[in-house]
Amino acid sequence: MYIDPHIHLVSRTTDDYEAMRKAGIVATIEPAFWLGQPRTEVGSFKDYFSTLVGWERFRASQFGIVHYCTMGLNSKEANNVALAEQVMELLPLYAGKEGVVAIGEIGYDDQTEAEDRFYRLQLELAKEVNLPVLIHTPHRDKKKGTTRSMDVAEEHGMDPGWVVVDHNNEETVKEVLDRGFYAGFTIYPHTKMGSDRMVEIVKQYGPERIIVNSAADWGISDPLAVPKTANLMRKMGIPEEHVRLTTYQNALTVFGLSGQMNESDWLNAPSIDQTKKLGGNSVLRGGQVPRVEGPADRVEN
Amino acid sequence: MASASEIINFLKTLVEKNAEEKSISWLNQKVEQVQSSGSNSAFFLAFSQASRFFKKDSLELSETEARQADLLVDGFEPAYWSVLQAARTILLLSYPQEKEKWFAIVNQLFETADMNEQQALFAALPVLPYPEELLPRAIDGCRTNMTLVFDAIALNNPYPAKYFPEANWNQLVLKAVFMQRPLYRIQKLDERRNLALADIASDFAHERWAAGRSVMPELWRLVVPFINDRFLADLKRVIESEDEMAVEAGLLALYQCDSEKAKQLFKSRCEEVMAIEYGEITWEKIGIGFQEKRT
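Chains as they are written, first to last, in our numbering: chain A, 1 to 301; chain B, 1 to 295.
Have a look at this one:
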């Protein structure tokens, strides 16, 4: 069983969902992020947030995957201050919803003043609603940006054990772990980590507070990055317990602090039944044979 | 229709039997807060966070309570609600019902609701104030593809039969057919049958047959009052099929038609006709059987 604790499923196809389930992914967390281009209206944020707790959650369930999400204003769009202020008014509406396991992904992109302001406001929101925080670290000037993200989180009284610092690399991991934060690693070809480098990191630092994710989105990315990395770890002789911690349990432990994510959500989930959801533009169209787990679910469509 | 406070009190008695003490005192505290302060943020937060205190298990109702529900609001069936839905409805009804303010928060709720919140909102339609003004919201809700949400409007809910214009009603029924939802759970289905719907149902069956697929047996209930040569030909085809459930449905439809030609078609099927007369073949039983077969 795997958890992919960072994946933008709204951008993925049903083939991906099917492959993920087949590869053993039982639960996913979809952090609220940008859409590849900036939004210009607060209503676009509202509908996006609603999708995360509505349709996408439903869509995932049809493939036997439990879908959680994090809510937040991402750092890129924090730079449109007038809009960002409106989004901040919207966030409390969503932060308390079922299956919202953290405030995120928040933090720095260009490390501007506006980014800093909305990052801090959202750290306060996280404390108010008693949720963990998922930090997006910048791609440019990464090392300093990562340190600064942690400094500010501490300044706002966040317990490092409630904070996942994401998109780490060899240069940032030591400080993140030393300071007691969770360290997320995104296996994303070309720009972030590769699976082989990930194996080396687990070898060097051990499994504690390390979390592997795919951050698969609309870019060239791999929704199977977590199971693939787990398999590579096994092949390279990493103990099974370390594989389990870094690709399943650590994510469950930290995001479970929200009270919104429990192992029983997937262990006791009803068997996959796509058939009960045949609808106008549902994911299954008339005539397709639904993939069902047991013969009891089979239906003449 | 009963007043909001009567409905709240009734729902409270149901929730109290189905939830833990600490959850009930949380709810009472929130209700008081919502009633006295009219604070929007407190209300939204409570509505969402109810999921932390109440389960999605079905509400347990005694027969007396089920009758009581129907007396409060004609057709009200909270036996199909979860405990969480009831708790959320109590919160919703506790918000002061001053029209403009009320619509502002209810619109906000509908537009930002997650899947289970939508379920609670749409199922609550028959107990909410301003039902006529909520009609566009209800019609829009039927466009969902989330089964849970569609069911909350379409099944065991008196609202659509009472308020939907014919075209929207027909879309609701047809969508239920398309999604293979149990038609016998749509309230007043028989009373609101109409020729346009019967025609659409027959067209739909022909589309399915053309594609080599079967047709949901409950569908034939829709053609009964409008029997004509076209529907007779459809039903003849159905009763000559190999699918036992479809045959029963076709015979039941023919039996219920007030037509000499229909009689000719079923008169040789003594065994099934007897079963119909003894109440062994009913639309509800066919519907239940079909749902059991597909799950």
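Yeah, the Cβ is synthetic: ideal placement off N, Cα and C, and Gly gets one too.
Item to check | Touch test, the region 104 to 120 of chain B against the region 3 to 22 of chain A, Cβ-Cβ under 8 Å, three pairs minimum | outcome: The count of Cβ pairs closer than 8 Å, one atom from the region 104 to 120 of chain B and one from the region 3 to 22 of chain A, stays below three, leaving the stretches out of contact.
Item to check | Presumed contact (8 Å Cβ cut-off) between A/GLU105 and A/GLY72, rounded CB distance | outcome: Within the first sequence, residue 105 of chain A is the residue found at index 105, counting from 1. Within the first sequence, residue 72 of chain A is the residue found at index 72, counting from 1. Sure, about 6 Å apart at Cβ, within 8 Å.
Item to check | Closer than 7 Å to chain B by CB, A/LYS97 | outcome: Position 97 of the first sequence holds residue 97 of chain A. Judged by the 7 Å Cβ criterion, A/LYS97 is in contact with chain B.
Next on the checklist: Assuming B/ASP199 is part of the alpha helix (DSSP H), what are its boundary residues?
Outcome noted: Taking the second sequence and counting its residues from 1, one reaches residue 199 of chain B at position 199. Element bounds for B/ASP199: 195 to 210.
Checklist entry - Run through DSSP, which three-state label would A/CYS69 get? => result Working through the first sequence from its first residue, we reach residue 69 of chain A at position 69. DSSP places A/CYS69 in the strand class (E or B) of the three-state scheme.
Next on the checklist: Please give me, in chain order, every unbroken run of the alpha helix (DSSP H) with length at least 4 that falls completely inside the region 212 to 259 of chain B.
Outcome noted: Counting only unbroken stretches of 4 or more residues, the alpha helix (DSSP H) elements lying wholly within the region 212 to 259 of chain B are 229 to 239 and 244 to 256, in sequence order.
Checklist entry - Measuring CA to CA, which of A/VAL129, A/PHE118 and A/GLU128 is closest to A/ILE135? => result Your numbering for residue 135 of chain A matches position 135 in the first sequence. Considering only alpha carbons, the answer is A/PHE118.
Next on the checklist: Check whether the region 46 to 62 of chain B and the region 135 to 146 of chain B touch, using three or more Cβ-Cβ pairs below 8 Å as the test.
Outcome noted: No, because fewer than three Cβ pairs between the region 46 to 62 of chain B and the region 135 to 146 of chain B fall closer than 8 Å, the two stretches do not touch.
Next on the checklist: Can you pull out the residues from the region 114 to 136 of chain B whose beta carbon lies closer than 9 Å to at least one beta carbon of chain A?
Outcome noted: Going along the region 114 to 136 of chain B in chain order, one finds ASP114, MET115, ASN116, GLU117 and GLN118 with a Cβ nearer than 9 Å to chain A.
Item to check | Under 7 Å between C-beta atoms of A/ILE3 and A/ALA269 | outcome: As a working note, residue 3 of chain A is residue 3 in the first sequence. As a working note, residue 269 of chain A is residue 269 in the first sequence. No.
Item to check | Min CB distance A/PHE58 to chain B below 7 Å | outcome: Walking along the first sequence from the start, residue 58 of chain A turns up at place 58. A/PHE58 counts as touching chain B.
Checklist entry - From which residue to which residue does the beta strand (DSSP E) around A/THR253 run? => result As a first step, residue 253 of chain A must be located in the first sequence, where it is residue number 253. That residue, A/THR253, is in no beta strand (DSSP E); its alpha helix (DSSP H) goes 250 to 255.
Item to check | 7 Å Cβ cutoff met for A/ASN341 and A/TRP34 | outcome: Here chain A covers residues 1 to 301 and nothing more, so residue 341 of chain A does not appear.
Item to check | Burial state of B/SER41, where buried means 16 or more other Cβ atoms lie within 10 Å | outcome: The sequence position of residue 41 of chain B within the second sequence is 41, counting from 1. Taking a 10 Å sphere around the C-beta of B/SER41, we find fewer than 16 other C-beta atoms and assign the residue as exposed.
Item to check | Minimum Cβ-Cβ distance from B/PHE110 to chain A less than 7 Å | outcome: Residue mapping note: residue 110 of chain B aligns to position 110 of the second sequence, counting from 1. No, its Cβ sits nowhere closer than 7 Å to a Cβ of chain A.
Checklist entry - Applying a beta-carbon distance threshold of less than 7 Å, which residues of chain A neighbour B/SER51? => result Stepping through the second sequence from its first residue, residue 51 of chain B is reached at position 51. GLU98, listed in chain order.
Item to check | Neighbour list for A/VAL10 in chain B, Cβ cutoff strictly below 8 Å | outcome: By 1-based counting over the first sequence, the position of residue 10 of chain A is 10. Within chain B, no residue comes near A/VAL10; the closest Cβ sits about 15 Å away, beyond 8 Å.
Next on the checklist: Nearest by alpha-carbon distance to A/VAL100: which of A/GLU128, A/GLU85, A/TYR68 and A/GLY107 is it?
Outcome noted: Reading the first sequence from its first residue, position 100 is the one you call residue 100 of chain A. Between A/VAL100 and the set A/GLU128, A/GLU85, A/TYR68 and A/GLY107, the nearest pair of CA atoms involves A/TYR68.
Item to check | Within chain B, partners of A/GLY259 - CB distance below 9 Å | outcome: Position 259 of the first sequence holds residue 259 of chain A. Around A/GLY259, the beta-carbon contacts reaching into chain B at under 9 Å are ARG52.
Checklist entry - How would you list, in chain order, the residues of chain B whose beta-carbon sits under 8 Å from the beta-carbon of A/GLY54? => result Residue mapping note: residue 54 of chain A aligns to position 54 of the first sequence, counting from 1. Within chain B, the residues placing a beta-carbon under 8 Å from that of A/GLY54 are ALA113, ASP114, MET115, GLN118 and MET146, ordered along the chain.
Checklist entry - Any chance the region 171 to 186 of chain A sits against the region 203 to 210 of chain A, with 3 or more Cβ pairs inside 8 Å? => result The region 171 to 186 of chain A vs the region 203 to 210 of chain A: in contact.
Checklist entry - Would A/VAL26 be called buried (16 or more neighbouring beta carbons within 10 Å of its own) or exposed? => result Here the question's residue 26 of chain A lines up with position 26 in the first sequence. It counts as buried.
Checklist entry - Alpha carbon to alpha carbon, how far is B/THR89 from A/SER149? => result Residue mapping note: residue 89 of chain B aligns to position 89 of the second sequence, counting from 1. Residue mapping note: residue 149 of chain A aligns to position 149 of the first sequence, counting from 1. Their Cα atoms are separated by approximately 42 Å.
Checklist entry - What are the residues that DSSP puts in a beta bridge with A/ILE103? => result Locating residue 103 of chain A in the first sequence gives position 103, where the first residue counts as 1. BP columns for A/ILE103 point to A/MET71 and A/VAL133.
Checklist entry - To the nearest angstrom, how far is it from the Cα of A/ARG197 to the Cα of B/VAL177? => result Counted from its first residue, the first sequence places residue 197 of chain A at position 197. Counted from its first residue, the second sequence places residue 177 of chain B at position 177. Answer to the nearest angstrom: the Cα atoms are 53 Å apart.
Checklist entry - Between which two residues does the beta strand (DSSP E) containing A/TYR2 stretch? => result Residue mapping note: residue 2 of chain A aligns to position 2 of the first sequence, counting from 1. In the DSSP assignment, A/TYR2 falls within the unbroken beta strand (DSSP E) covering 2 to 4.
Checklist entry - How many Å lie between B/ALA161 and B/ARG185 at the Cα? => result For the purposes of this step, residue 161 of chain B is taken as residue 161 along the second sequence, with counting starting at 1. For the purposes of this step, residue 185 of chain B is taken as residue 185 along the second sequence, with counting starting at 1. If I take the Cα positions, the gap works out to 12 Å.
Checklist entry - Under the three-state reduction of DSSP, which class applies to B/PRO182: helix, strand or coil? => result In the second sequence, counting from the first residue as 1, residue 182 of chain B sits at position 182. DSSP places B/PRO182 in the coil class of the three-state scheme, outside both helix and strand.
Next on the checklist: Does the CB of B/PHE44 have a neighbour CB from chain A at under 7 Å?
Outcome noted: For the purposes of this step, residue 44 of chain B is taken as the residue at position 44 of the second sequence. B/PHE44 has a beta carbon lying within less than 7 Å of a beta carbon in chain A.
Item to check | Identity of the residues DSSP links to A/GLU30 by a beta bridge | outcome: Within the first sequence, residue 30 of chain A is the residue found at index 30, counting from 1. The partner list for A/GLU30 (beta bridge, DSSP) reads A/CYS69.
Item to check | Distance between A/ALA32 and A/GLN321 (C-alpha atoms, nearest Å) | outcome: Residue 321 of chain A lies beyond the stretch modelled for chain A, which goes from 1 to 301, so this question has no answer here.
Item to check | Given 8 Å, three or more beta-carbon pairs between the region 249 to 266 of chain B and the region 225 to 241 of chain B | outcome: Enough Cβ pairs lie closer than 8 Å, so yes.
Item to check | Assigned secondary structure, B/ALA176 (DSSP; H/G/I helix, E/B strand, else coil) | outcome: Reading the second sequence from its first residue, position 176 is the one you call residue 176 of chain B. In the structure shown, B/ALA176 sits in a helix (DSSP, three-state: H, G or I).
Item to check | Alpha-carbon to alpha-carbon, B/THR144 and B/GLN180 | outcome: To locate residue 180 of chain B, count along the second sequence from 1; it is residue 180. To locate residue 144 of chain B, count along the second sequence from 1; it is residue 144. Taking the straight line from one Cα to the other gives about 14 Å.
Checklist entry - What runs of the alpha helix (DSSP H), each 4 residues or longer, lie entirely inside the region 48 to 130 of chain B? => result As far as the region 48 to 130 of chain B is concerned, its whole alpha helix (DSSP H) runs of at least 4 residues are 63 to 72, 83 to 94, 99 to 112 and 115 to 123.
Checklist entry - Taking Cβ to Cβ, would you say A/HIS156 is nearer than 7 Å to A/LEU131? => result Taking the first residue of the first sequence as position 1, residue 156 of chain A is located at position 156. Taking the first residue of the first sequence as position 1, residue 131 of chain A is located at position 131. No, the Cβ-Cβ distance between A/HIS156 and A/LEU131 is not below 7 Å.
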